[in-house]
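Asker: Sequence positions in the sequence shown follow this note's numbering and run 23 to 162. Ideal placement from N, C-alpha and C gives every residue a C-beta, glycine not left out. Note that the structure is predicted; figures quoted are calculated from it, not measured.
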Amino acid sequence: MALRISPETHPNTLVSTLNTTHAEFGGHDTLRYGVRSIKTEVMPSHPLESRLDQWEESQWEMKLNLARQTYGMHAPIKMMMERSIVEKRQRLPILTSSNLHLDILLGKDESIDYEDYLNDASLSTDSIDLHAAMEHKLKL
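(1) What separation, rounded to the nearest whole angstrom, lies between the Cα atoms of R58 and H96?
(2) With 16 as the cutoff for other CB atoms within 10 Å, does P98 come out buried or exposed?
(3) So within the stretch 62-119, which uninterrupted alpha helix (DSSP H) runs reach at least 4 residues, ignoring any that extend past its ends?
(4) What number of angstroms, rounded off, separates the C-alpha of K161 from the C-alpha of M103?
(5) Measure the CB-CB distance between D131 and D138 and report whether it falls below 7 Å.
(6) Do you know how far the Cα of K159 is from the Cα of G49?
(7) Taking the straight line between their C-alpha atoms, what separation do you get for A155 and L117?
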């Protein structure tokens, strides 16, 4: 990968609603995944949207590439190991976790984003389904 600041332009793949179908009945599970949108399945999204979705990943790859060129092969391997260890959550999926160590590794501790002050779990309107969250975590 070249040292590019913005992500590469990739053709956007279409999203299938097969992942959101109910296992027993075969229909779209509207209560869990919202109303099915045919537009998102048929129409491709704007190219800038795919670039924005890939922004953090391309920055992480650039950071790994710069560390490899500067310090050698051990530096990106160590960074990837630290990130994989920190990303594993030990709490139940419905409990909030700040994951400060991951923010420090990714450099997000130096900036204030909207997630920092608008990510209050008590203000959330999402229904908390512990059983569905555990099934998703355990890939059942």
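Answerer: On the basis of the coordinates in this document:
(1) For this step, residue 58 is matched to residue 36 along the sequence shown. For this step, residue 96 is matched to residue 74 along the sequence shown. C-alpha separation (whole angstroms): 46 Å.
(2) Indexing the sequence shown from 1 puts residue 98 at position 76. P98 comes out buried.
(3) 69-75, 77-93, 96-109
(4) On the sequence shown, position 139 is the one that residue 161 refers to. On the sequence shown, position 81 is the one that residue 103 refers to. C-alpha separation (whole angstroms): 23 Å.
(5) Here residue 131 refers to the residue found at position 109 when the sequence shown is read from its first residue. Here residue 138 refers to the residue found at position 116 when the sequence shown is read from its first residue. No, they are not a contact pair.
(6) Looking up residue 49 in the sequence shown gives position 27. Looking up residue 159 in the sequence shown gives position 137. So the alpha carbons of these two residues sit roughly 22 Å apart.
(7) Stepping through the sequence shown from its first residue, residue 155 is reached at position 133. Stepping through the sequence shown from its first residue, residue 117 is reached at position 95. Whole-angstrom Cα-Cα distance: 11 Å.
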